[in-house]
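Numbering (full-length UniProt numbering), first residue to last: 1 to 460. Ideal Cβ positions, reconstructed from N, Cα and C, are used throughout, including at glycine. Keep in mind that this is a model prediction, so the values were computed, not measured. Below: one structure, written as structure tokens.
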Ligand SMILES: [Zn+2]
């Protein structure tokens with residue numbers, strides 16, 4: 001959680017204009033066009049009541065299996081069961097939604113679908129098979145760019161977080177006049193939002209809240225006593241804990257190791273999605289570094305500054321380290337330049353992505369391709385976005401993805417998106433397709449880097 005709001009763009013003229021526009025289309029809170037928040041939707045209350053009734057039919061059980069979490073050490077076993085977790089989470093979610101403007105967001109659901117589909121061992125919906133599941137992550141209105149999980153798989157992301165990542169410029173300001181929508185071919189900002197979500201799912205997968213809530217609320221004691229009496233946490237108790245949780249949520253602190261663990265989970269989740277880059281983490285942290293510079297130019301945070309996450313710079317460095325290590329030290333980023341095996345790869349900014357962030361995206365994807373032995377010319381395909389099975393857009397004919405596929409065709413990674421119209425000749429593209437010149441230079445240099453390394457190492 002970050003306790004400060006994102007400033008609007010530094011240009012006062014633009015700021016004024018967007019403020020005026022915001023006032024004109026004031027839909028209570030909707031920062032993003034077309035989104036309807038709960039309080040504007042009277043129909044949702046009935047649905048909510050139905051869900052509550054269904055939820056109350058759930059029996060409580062004290063025999064849920066506790067599986068070890070790979071990244072987060074869980075020396076102290078927790079005693080909260082899946083049913084208790086869900087009960088408490090549902091009460092907390094209801095409390096949160098009473099106090100905030102909350103909306104279902106199709107774009108967030110799409111990202112969640114991609115993360116779950118690509119990480120079936122770790123993430124799941126309520127499929128009737130698993131005892132724990134993720135509820136659809138919802139969006140809430142707040143000027144503070146946060147995201148968080150409640151117990152029971154209830155996740156929330158602030159609209160300002162999404163808007164901050166969707167803003168084209170990366171100077172720490174939010175500029176509503178130049179936003180990129182999520183999903184489709186916008187793989188860069190989507191990777192950044194996906195990282196925020198994946199980090200939160202990391203807390204869920206690592207069962208971090210179970211541990212910390214156990215400690216905070218003494219749930220193990222409660223359920224032990226009730227367990228001894230042959231019962232479980234009553235609906236009343238669960239409700240009380242849930243409400244308490246939301247009312248004191250902003251005071252809660254995850255431990256440092258839980259946060260590091262969640263970042264690590266998040267990076268791994270992204271790595272498994274073909275079109276999401278671990279560079280999304282770099283994009284996110286880099287933007288927050290700019291934001292912190294604006295807010296606290298002397299680098300000193302106020303005494304009451306509450307941020308449960310380890311320093312943004314440290315998190316950026318750790319994500320960069322992850323990318324370097326997964327690439328066997330072959331991928332490096334030095335002052336916004338991409339290097340493969342010590343060779344600089346020319347990368348250019350485009351109307352949909354600034355250079356620095358495109359470098360981050362490429363670095364993450366190339367590192368993953370190396371890790372899974374797909375960084376060879378024989379693995380390369382060029383897929384027009386209109387024909388891509390994911391991150392597609394039937395209306396775009398001048399773009400394609402450079403995709404690598406492993407030899408047994410079980411895995412793929414999108415190295416980047418390039419401007420090139422496959423219905424035209426190369427010469428025509430160079431003459432008429434905007435950005436194709438620079439993009440083909442980048443693409444050529446990447447394939448050269450593959451071949452140079454493989455020639456030296458006999459394709460191993
Ligand atoms: Zn966290």
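| Asked | Found |
| --- | --- |
| Can residue 262 be considered in contact with ligand 1, in the sense that its beta carbon sits closer than 6 Å to one or more heavy atoms? | yes |
| Fully enclosed by the region 378–454, which alpha helix (DSSP H) runs are 4 residues long or longer? | 426–432 |
| Would you kindly check if the distance between the Cβ of residue 92 and the Cβ of residue 150 is under 7 Å? | yes |
| Within 6 Å: the Cβ of residue 259 and any heavy atom of ligand 1? | yes |
| If you follow the alpha helix (DSSP H) that residue 85 is in, where does it begin and where does it stop? | 82–99 |
| Rounded to whole angstroms, what is the Cα-Cα separation between residue 344 and residue 280? | 21 Å |
| Check this for me: beta carbons of residue 270 and residue 195, under 7 Å apart or not? | yes |
| Could you check where the beta strand (DSSP E) with residue 339 kicks off and where it finishes? | 337–340 |
| Does the contact criterion of 3 or more C-beta pairs under 8 Å hold for the region 284–302 versus the region 326–335? | no |
| Taking residue 198 as part of the alpha helix (DSSP H), name the residues at either end of that continuous run. | 187–205 |
| Does residue 8 come out as helix, strand or coil in the three-state DSSP assignment? | strand |
| Helix, strand or coil for residue 343, going by three-state DSSP, please let me know. | strand |
| Kindly provide the ranges of any alpha helix (DSSP H) runs that are 4 or more residues long and lie completely inside the region 256–336, ordered along the chain. | 256–271, 279–295 and 312–326 |
| Can you name the start and end residues of the beta strand (DSSP E) that residue 115 belongs to? | Unbroken run through residue 115 is the alpha helix (DSSP H), 106–118; no beta strand (DSSP E). |
| Which same chain residues end up closer than 6 Å to residue 166 when comparing Cβ atoms and leaving out the 5 residues on each side of it in sequence? | 179, 180 and 189 |
| Buried or exposed, going by whether 16 or more other CB atoms sit within 10 Å of the CB of residue 399? | buried |
| Work out the CA separation of residue 425 and residue 264 for me, nearest whole Å. | 43 Å |
| Answer with buried or exposed for residue 385, where buried requires no fewer than 16 other C-beta atoms within 10 angstroms of its C-beta. | buried |
| Can you grab the Cα-Cα spacing for the pair residue 319 / residue 103, in whole Å? | 31 Å |
| Apart from the five residues just before and just after residue 435, which ones in its own chain have a Cβ nearer than 7 Å to its Cβ? | 350 and 419 |
| Rank 114, 439 and 148 by C-alpha distance to the C-alpha of residue 262 and give the top, closest one. | 148 |
| Would you list the one or two residues that DSSP bridges to residue 165? | Bridge partners of residue 165: none, in fact. |
| What separation, rounded to the nearest whole angstrom, lies between the Cα atoms of residue 457 and residue 450? | 11 Å |
| Measure the Cβ-Cβ separation of residue 170 and residue 354 and say whether it is below 7 Å. | yes |
| Over the uninterrupted alpha helix (DSSP H) stretch that includes residue 362, give me the two end residues. | 355–371 |
| Out of curiosity, what's the CA-to-CA distance linking residue 172 and residue 129? | 43 Å |
| Looking at residue 442 and residue 347, is the spacing between their C-beta atoms short of 7 Å? | yes |
| In terms of alpha-carbon separation, which member of 156, 113, 110 and 143 lies closest to residue 96? | 156 |
| In this structure, does DSSP put residue 128 in helix, strand or coil? | coil |
| Along the chain, where does the beta strand (DSSP E) containing residue 157 start, and where does it finish? | 154–158 |
| Is residue 210 helix, strand or coil by DSSP? | helix |
| Check residue 180 in the structure and name its three-state DSSP category. | coil |
| Taking just the CA atoms, how far does residue 392 sit from residue 422? | 15 Å |
| Cβ of residue 93 versus every heavy atom of ligand 3: is any distance shorter than 6 Å? | In the structure shown, ligand 3 is absent; the only ligands present are ligand 1. |
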